[in-house]
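Residue numbers (numbering that gives the first Met the number 0): 0 to 354. Don't be surprised by glycine CBs; every beta carbon is placed ideally from N, CA and C. Working notes, structure below.
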Amino acid sequence: MSDLTDILDFLAKGTPWAFVIILIAIIIYFLINPGKVEKWSSLISKIFSFTSKKIEKHYISKDIEYKINSFGKDINDECEELVPYPTEVKFIKPSSFKKESVEHFEDKLIIFLKDRHNQDENFIKAALLSTEQTLIPNSRHYIEPMIMRSIDLQYVKNLIISKNRNKLNSYIDNVFAPELENSTIIESNIQVLERLSEQGIFTRILLQELKDFGMIFYPKSVSNSIVNESKDFFSVLRELAHKKHHEDVRLNFIGENIKIGFVLIGIPRKVYRKEGIDTSPYIQRILKYEEDGIKTLYLLGWSSKIDPTKKVSQEIDLMPDRFEKISESLYNVKLDNNKKIEAICVRYRVLVNTS
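Have a look at this one:
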């Protein structure tokens, strides 16, 4: 038999010692035909190299998907349907004529991604593309564009901090910082969004309200009045984000569609009395909000004010024909000194103004 394949075929039909005989035969074959060694080793190398790269790309794409989708799930746990469908990542073959793109397939987004041979760039590009398509997708077109772009940038930053922190420096250096340097508006917006993120209300209030706001109009066309209302609402949150202790700021917004009021439980002398917790100042504010036409009410409390906030909430719950509790969440917020404390956010629908 002059060829290795004939030898292997013959021995494969033999005894249990076939494997040993095959191994010996291969060694003898290569000793007799030294010129064949390079040819076969090159072929085997190519097979393993191709398989290895394919497996590596599959692993990388699945790792990107997992981190993006698990963060989306975390966000949806805070506020339902902010990220309504998952992302799938597929690398484009170098020989393919297909361009880098995103496509919607039923209940998921598929990103066709060029392999940049740099895992920081691969992840960041996929995260940006996913966010632009899956974060409040039906509402984002009704939001002022610079605000929406700022939200996307901050969302991806939060995602990276939470799920893939070793990519943070690359994201800041190559995407985040350059965008801020090129736009003072985005820079100013980001200062607000970073504060809202630290306070735990980036998702619980801002994204929640913007999602609901956009869904009022979807799928109608966008108008200047709609976009301007989203901008005016953001201005109120700007004041809230930068509020200092004991500083008075505007705590409500009554627009054409967004009608929202905040109740901050945070001044001890208003809350604690010898006879117990005094909720009357806050209940009075809430009833005034109802009278003014507020549709959505938020109770916010921090640290030692959590119990008083719950007490106020319990009293509101005694008026089920007027106020409907939508959500209540406990979470951690970061103070200016980086110390973390517990906080609470309770959301109500004011029934008389939303029926």
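Three-state class that DSSP yields for residue i in the structure shown
i, result
"Tyr84", "coil"
"Thr295", "strand"
"Leu112", "strand"
"Ile142", "coil"
"Met0", "Only weak support is given to the placement of Met0: the predicted model assigns it a pLDDT of 47, under 50, and the value that follows is read from those uncertain coordinates. Three-state result, Met0: coil."
"Val191", "helix"
"Glu323", "strand"
"Ile91", "coil"
"Ile135", "coil"
"Gly199", "coil"
"Glu99", "coil"
"Leu329", "strand"
"Gly254", "coil"
"Lys52", "helix"
"Lys107", "strand"
Residue range of the alpha helix (DSSP H) that includes residue i
i, result
"Phe233", "223-240"
"Phe216", "207-216"
"Glu178", "176-181"
"Asp306", "305-316"
"Ser220", "Here Ser220 belongs to no alpha helix (DSSP H), and DSSP marks it neither H nor E."
"Asn168", "167-170"
Segment limits, beta strand (DSSP E) that includes residue i
i, result
"Glu341", "339-349"
"Gly260", "258-264"
Buried versus exposed, by CB contacts within 10 Å (16 or more), residue i
i, result
"Val191", "buried"
"Thr117", "It should be pointed out that residue 117 corresponds to Asn in this sequence rather than to Thr. The residue is exposed, with fewer than 16 neighbouring Cβ atoms inside 10 Å."
"Leu317", "exposed"
"Tyr65", "exposed"
"Gln198", "buried"
"Leu134", "buried"
"Glu143", "buried"
"Ile74", "buried"
"Leu108", "buried"
"Glu55", "exposed"
"Leu334", "exposed"
"Ile123", "buried"
"Asn188", "buried"
"Tyr217", "exposed"
"Glu290", "exposed"
"Asn165", "exposed"
"Ile150", "buried"
Residue i to residue j span [Cα, whole Å]
i, j, result
"Ile323", "Phe104", "It should be pointed out that residue 323 corresponds to Glu in this sequence rather than to Ile. About 36 angstroms."
"Lys339", "Ser220", "43 angstroms"
"Leu152", "Asp320", "41 angstroms"
"Leu167", "Phe90", "22 angstroms"
"Ile257", "Tyr288", "13 angstroms"
"Glu314", "Asn163", "42 angstroms"
"Glu180", "Met145", "14 angstroms"
"Glu102", "Glu131", "12 angstroms"
"Ile276", "Pro307", "7 angstroms"
"Ala126", "Leu239", "29 angstroms"
"Gly292", "Gln283", "15 angstroms"
"Asp172", "Ser196", "20 angstroms"
"Val351", "Phe232", "22 angstroms"
"Lys98", "Arg115", "14 angstroms"
"Pro280", "Lys242", "20 angstroms"
"Ser360", "Lys92", "With the chain covering only 0 through 354, there is no way to say anything about residue 360."
"Ser222", "His245", "38 angstroms"
"Ile285", "Val235", "18 angstroms"
"Asp62", "Pro83", "20 angstroms"
"Arg348", "Asn331", "24 angstroms"
"Tyr154", "Thr86", "15 angstroms"
"Thr278", "Ala342", "18 angstroms"
"Ser60", "Ser312", "45 angstroms"
"Glu228", "Ile215", "13 angstroms"
"Glu178", "Asp76", "30 angstroms"
Nonlocal neighbours in the same chain, by C-beta distance under 8 angstroms from residue i, ignoring five residues either side
i, result
"Ser224", "Glu255"
"Cys78", "Thr202, Arg203, Leu206, Gln207, Lys210, Ser326"
"Lys156", "Leu167, Tyr170, Ile171, Phe175"
Cutoff 6 angstroms; reference residue i; Cβ partners in own chain excluding five residues on either side
i, result
"Leu250", "Phe261"
"Cys344", "Arg203, Leu299, Ser328"
"Ile264", "Gly300, Lys304, Pro307, Thr308"
"Ile259", "Phe252, Thr295"
"Leu128", "Val101, Ile110"
Contacts around residue i, its chain only, beta-carbon distance under 7 angstroms, and the 5 residues preceding and following it disregarded
i, result
"Phe248", "Here residue 248 turns out to be Val, not Phe, going by the sequence shown. So the list reads Glu238, Leu239, Lys242, once near-sequence residues are dropped."
"Tyr58", "none"
"Ser69", "Lys162"
Residue i at chain C interface by Cβ criterion, 8 angstroms
i, result
"Ile109", "Absent here is chain C; the protein component of the structure consists of one chain."
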